[in-house]
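The sequence shown lines up with residues 6 to 252 when you count with the numbering used here. Glycine included, every Cβ here is placed at the ideal spot set by N, Cα and C. Some notes on the structure that comes next.
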Amino acid sequence: MATVTLLETNGLSRRFGGLKAVDGVDFRLDRGEIRAVIGPNGAGKTTFVSLVAGRVPPSEGSIRFEGEDVTRLPAHARVRRGIAYTFQITSIFGNLSVFDNVALAVQSALAKEAGFGARLDEAEIRGRTMTALDLTGLAARADQPAGTLAYGHQRLVEVAMGLGLAPKLLILDEPTQGLSDPEIADFIGLVRTIAETATVMLIEHNMAVVMDLATRITVLDRGRILAEGTPAEIRADARVQHAYLGT
Ligand SMILES: Nc1ncnc2c1ncn2[C@@H]1O[C@H](COP(=O)(O)OP(=O)(O)OP(=O)(O)O)[C@@H](O)[C@H]1O
6 MATVTLLETN GLSRRFGGLK AVDGVDFRLD RGEIRAVIGP NGAGKTTFVS LVAGRVPPSE
66 GSIRFEGEDV TRLPAHARVR RGIAYTFQIT SIFGNLSVFD NVALAVQSAL AKEAGFGARL
126 DEAEIRGRTM TALDLTGLAA RADQPAGTLA YGHQRLVEVA MGLGLAPKLL ILDEPTQGLS
186 DPEIADFIGL VRTIAETATV MLIEHNMAVV MDLATRITVL DRGRILAEGT PAEIRADARV
246 QHAYLGT
């Protein structure tokens, strides 16, 4: 099957004062990939995905999504185009039900795009919410206050909030952090299911998860791409071993 570029960055950079957190990154992501972004602490991983999602403006460079320049689009407009960045547990309302949390995320994304006061399609919001809850296995907990869920399930609510946006690209930032081993195993299955309909880019520190899940891996180091390849290629790369894997 021919590969189709979904996301492309050219010369993408972000400075914080004198620090180049992301430094001239030329990156390409094909539709249907599960791409892991790895690298040492402070390598620029979160800054890079934040640039893609529109949460941080670039200092230089460009971002194209589905062939169109989105560099200057605000985050909510990118959501509408299909770029979703998972929410953090901090943005979950503990006293609201799981359903309402996901529905609110969907509603706010649609409302920002439609403009204040625009009528929203309730059936669409409900439909997207239920699909996201089914996918994440949270449907049975839809009515439960989100704050009463176990930590691992709250992390799934974050993923459901991202999925509710019906993304073409779902960006997950350290999704397995704090999960137990059985929860991680379930999560790997969930990402594979998500990847049937969306492209996934995840920042992940757990190397077992990365090697199991990723179709390709991008290694960032000091704001630059140090290496890129399949899990086998990355495992065998001497520069990566030296800079990151500590061997
Ligand atoms: N808002 C900010 N203001 C100033 N410096 C920042 C800001 N955000 C990130 N940085 C710096 O940019 C560099 C890259 O940070 P970033 O969080 O992108 O790295 P990371 O690879 O995601 O790290 P980690 O694995 O620890 O999460 C770090 O040196 C960080 O301190």
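Check, Outcome
"Who's in the neighbourhood of ligand 1, going by beta-carbon under 6 Å from any heavy atom, listed in chain order?", "PHE21, LEU24, ALA26, GLY44, ASN46, GLY47, ALA48, GLY49, LYS50, THR51, THR52"
"Any contact of the region 172 to 187 with the region 141 to 153, i.e. 3+ C-beta pairs under 8 Å?", "no"
"Count the other CB atoms within 10 Å of the CB of PRO63; is the residue buried (16 or more) or exposed (fewer)?", "buried"
"Sort out for me which residues DSSP pairs ALA41 with in a bridge.", "LEU207, ILE222"
"Would GLU55 be called buried (16 or more neighbouring beta carbons within 10 Å of its own) or exposed?", "Residue identity differs from the one stated: residue 55 is Ser in this sequence, not Glu. SER55 is buried by the Cβ-count criterion."
"Pairs of beta-carbons, one from the region 13 to 20 and one from the region 61 to 79, closer than 8 Å: are there three or more?", "yes"
"Can you tell me which of the three DSSP states ASP126 falls into?", "coil"
"Would THR91 be called buried (16 or more neighbouring beta carbons within 10 Å of its own) or exposed?", "buried"
"Classify TYR249 as buried or exposed, calling it buried when 16 or more other Cβ atoms lie within 10 Å of its own Cβ.", "buried"
"Determine the direct distance from the alpha carbon of HIS247 to that of GLY99, and round the result to whole angstroms.", "43 Å"
"Which two residues bound the contiguous alpha helix (DSSP H) that contains ALA80?", "80 to 86"
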